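Following our numbering, the numbering of the sequence shown begins with 32 at its first residue and continues without gaps. Note that CB positions come from ideal geometry on N, CA and C, so glycine has one too. Predicted, not measured: the structure shown is a model, and the values here were computed from it. All remarks here apply to the structure that follows.
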Amino acid sequence: MIWNLGSINIDNFYEVPHLPAPGETLAALSYGFGLGGKGANMSVAAARAAARVSHIGAIGPDGRWTRDRLIEYGVDTPHIAQIEVPTGHANIVIDPEGENSIVLFQGANVHLTEAIIGAALSEASHKDFLLMQNETNGQEYAATTAKSLGLRVAYAAAPFEAAAIERLLGRIDLLVLNEVEAAQLEASTGKPAEALGVADVVITLGAKGCRWVSNAGEKHFDAYPADAVDTTGAGDTFTGYLVAALDRGMEMEVAIDLALKAGALMVTRRGTADVIPDLKEIQDHFGI
Ligand code: RIB
């Protein structure tokens, strides 16, 4: 079982001819909206990877539909609080190469209370996963509580903030971050990934795959080729699948392979939580 302390956003998507320059006003080529947030994306990915996942989060009155949609996608939602603060949202611009730029309004995501988080984790069992990203408050409380209950703690360091990771070190079992973030973290801590005291560190390398750093050494995994149209949410899909596979008892190598496949298929789609592939789609796509 995965307990995901995570953001829930209303994602607004704008296709643009190029990413806007400072001071530029730019007409969008198209507009759409859907369910998003790094947390919600990971919950949906984990559910689509056949794990049981309970989302811990907060929405405002304008976001009731986001909770309904999580339910439709197979995510447990009793620990999503509705509060009197607007739901978080993200304005996402995407250029023709599939690159994006995102402006976040955190909203309800940063108004979680220890009571909300504590009530959820009081239902957790030894060896369950606590999954977190850096789009909510309450991470330190959640990590401390989870460790005291014997949970495994997985942290996806996005949006990246070295200080947020450093505050959690000693309480993280699995850290997922990208290459640039790994370099920034090393510059901030003075320690390479293998010296952070985290049992498993997975460093994503975009089209070059990923590296897994553990006590047993380091291993590289190639990416699966993909014609990317939109990279938004691909990292979240990778992490959701990775943690789901580990939670289901797969070995790390097998879990990473599945997560790379999910991420590769995700970049061929436009959108975030609403278009995350399920296991059947991955099997059909990769012929397995
Ligand atoms: O990683 C993609 C996500 O980042 C989007 O869904 C958006 O909501 C932001 O949180």
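Classification of residue i by the beta-carbon crowding that lies within 10 angstroms, buried from 16 upward
| i | result |
| --- | --- |
| Ser85 | buried |
| Thr56 | exposed |
| Pro308 | buried |
| Gly280 | exposed |
| Ile319 | exposed |
| Asp261 | buried |
| Asp315 | exposed |
Identity of the residues DSSP links to residue i by a beta bridge
| i | result |
| --- | --- |
| Trp96 | DSSP output for Trp96 lists no bridge partner at all. |
| Gln137 | Gln137 is not bridged to any residue. |
| Val84 | Ile33 |
| His120 | Ile41 and Phe136 |
Assumed close pair residue i, residue j - CB separation to whole angstroms, cut-off 8 Å
| i | j | result |
| --- | --- | --- |
| Gly88 | Gly37 | 6 Å |
| Met73 | Asp267 | 5 Å |
| Ala112 | Leu135 | So it is not a contact: roughly 20 Å between Cβ atoms. |
| Leu9 | Phe269 | Because the chain spans 32 through 319 in this model, residue 9 falls outside it and cannot be assessed. |
| Ile287 | Val233 | 7 Å |
| Val306 | Ala265 | So it is not a contact: roughly 11 Å between Cβ atoms. |
| Tyr186 | Leu206 | 5 Å |
| Ala254 | Ala238 | 5 Å |
Distance, residue j Cα to residue i Cα
| i | j | result |
| --- | --- | --- |
| Arg242 | Glu115 | 42 Å |
| His49 | Asp126 | 5 Å |
| Ile148 | Ala173 | 7 Å |
| Glu166 | Ala247 | 31 Å |
| Leu326 | Ala81 | With the chain running from 32 to 319 in the structure shown, residue 326 is simply not present. |
| Glu197 | Glu282 | 27 Å |
| Leu101 | Ala259 | 26 Å |
| Asn209 | Lys69 | 15 Å |
| Gly294 | Arg300 | 10 Å |
| Leu143 | Gln170 | 10 Å |
Complete alpha helix (DSSP H) runs within the segment 174-218 (minimum length 4 residues, chain order): Scanning the segment 174-218 for uninterrupted alpha helix (DSSP H) segments of 4 residues or longer gives 193-199, listed from N- to C-terminal end.
In chain order, which beta strand (DSSP E) runs of at least 3 residues are fully inside the segment 231-261? Fully contained in the segment 231-261 are the following beta strand (DSSP E) runs of length 3 or more, in chain order: 231-235, 241-245 and 248-252.
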